[in-house]
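Undergrad: Structure incoming, see below.
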Amino acid sequence: MAFGLATREALRMADIAQDMYEKSIKVIVKLSPALLEKVEGMDDQLDLLDKEIKLYITKVSQKVLTEVESKREIAILTLVNDLENIGDIIDKNIMELAKKMIDQGLRFSAEGQKEIIDFHAKVGDNFEMAVTAFATSDTDLAWKVLKNKEKLGNMERELKTAHIGRLHLGLKESIDTSSVHLDLLSNLKRINHHISNVSYQIAGISGKGEE
C-alpha cells in the first residue's frame, strides 16, 4: 500500500503520545520536576514526526489514489493531527497544571486523586483501543471507541459534581486544588475527543461535536 510507511510512522507517533500520556499522570501524582521535563521533551518528538509524516504524505498523494488509498490517507492525517493536538494538551495544559501544583505545594484529596487516576486510566484504555482500530482498520473496535466517548463525557460531568460536593463539605485539599482538579478533568475529556476523531474515519463517518 502506498501509505504503508506513513502508517508505520503514525503508529510510532502514537506510541510516543501514549507514553507521554501515561507519564503525565505520574507527574501529577508524584509532582516530579524531572519527569515533567521529560514529558515536555516528548512533545518535541511529536511535532517533528507530525511534520515529517505530512511532508511524506504530500509527496505520495501527488499520484492518483484509489478510493481505499484516499480513505487511508485521511485516516493517517486525522490520527497524526490529533496525536499532535494531544501532545499539545499534555505539554501546554496538563504540565502547566502540574507546575502550579509543584510551585504551590498543592495536593489533591485522596478521593479526588483516585477519581483523576481512574478517569485517566479509562481515557487511556480508549486511547489504546483507538490506535488498535486504526492499525487494524477494525470498524467494530472503532465503534466501541465512539460509544466510550459518550460514556467518558458523562463520567467527567459526574466527577466534577463529586468534586463540587467535596467543596461543599469544606475539604481543604479540594478547595486548594479546585481549579487544577476541574481543569485537569476538562483536559482529559479534550484528549478523549481527539482520541475519538480517528475512529470516526475508521467507522466510516464524519467526526462531529465539540471538545
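Okay, so the sequence shown: first residue is 844 according to this note's numbering, each after it adds one.
Note that beta-carbon positions come from the ideal geometry of N, C-alpha and C, so glycine has one too.
1. Would a C-beta distance cut-off of 8 Å place Glu883 and Gly967 closer than the cut-off?
2. Would you mind stating whether Ala853 and Val923 have Cβ atoms separated by less than 8 Å?
3. Can you tell me whether Arg1033 is helix, strand or coil according to DSSP?
4. Which whole-angstrom value describes the C-beta separation of Gln861 and Glu971, a residue pair presumed to lie in contact below a C-beta threshold of 8 Å?
5. Please specify which runs of the alpha helix (DSSP H), each continuous and at least 4 residues long, are wholly inside the stretch 974-1033, giving them in chain order.
6. For Lys1051, which residues of its own chain have a beta-carbon under 7 Å away from its beta-carbon, when the five flanking residues on both sides are left out?
7. Hey, how far is the Cα of Leu989 from the Cα of Leu949?
8. Measuring CA to CA, which of His1006, Val974, Phe846 and Ser1017 is closest to Ser904?
9. Take Leu926 as the anchor and find which of Glu993, Ala964, Thr1020 and Arg855 has the nearest alpha-carbon.
10. Start and end of the alpha helix (DSSP H) containing Asp886?
11. Which two residues bound the contiguous alpha helix (DSSP H) that contains Asn924?
12. If you follow the alpha helix (DSSP H) that Ser867 is part of, which residue opens it and which one closes it?
13. Does Ser952 come out as helix, strand or coil in the three-state DSSP assignment?
14. Since His1011 and Gly955 are thought to touch, with beta carbons under 8 Å apart, how far apart are those beta carbons, to the nearest angstrom?
15. Since I believe Phe951 is in contact with Leu1028 (beta carbons under 8 Å), could you give me their beta-carbon distance rounded to a whole number of angstroms?
16. Spatial neighbours of Asp886 within its chain, please: C-beta separation below 6 Å, excluding the five flanking residues on both sides.
17. Once the 5 residues before and after Met998 are set aside, which same chain residues still bring their CB inside 8 Å of it?
TA: Checking against the coordinates, here is how it stands:
1. Going by C-beta atoms, Glu883 is not nearer than 8 Å to Gly967.
2. For Ala853 and Val923, yes; Cβs fall inside 8 Å.
3. In the structure shown, Arg1033 sits in a helix (DSSP, three-state: H, G or I).
4. Confirmed, Cβ separation roughly 7 Å.
5. Here the runs fully enclosed are 982-1011 and 1015-1019.
6. Low confidence applies here, because Lys1051 scores a pLDDT of 48, under 50, leaving its location unreliable and the question unanswered by this model.
7. One C-alpha to the other measures close to 35 Å.
8. Cα-wise, what sits closest to Ser904 is Phe846.
9. Comparing Cα positions, the closest option is Arg855.
10. Per DSSP, Asp886 is one residue of the alpha helix (DSSP H) stretching across Pro876 to Val903.
11. Element bounds for Asn924: Glu910 to Asp931.
12. Following the DSSP letters along the chain, one finds Ser867 inside the alpha helix (DSSP H) bounded by residues Gly847 to Lys873.
13. In the three-state DSSP reduction, Ser952 falls in the coil class, being neither helix nor strand.
14. Rounded, the Cβ-Cβ distance is 14 Å, inconsistent with contact.
15. No, Leu1028 and Phe951 are not in contact; Cβ-Cβ is about 11 Å, not under 8 Å.
16. The residues are Gly930 and Asp934.
17. Taken in chain order, the residues that qualify are Phe962 and Lys965.
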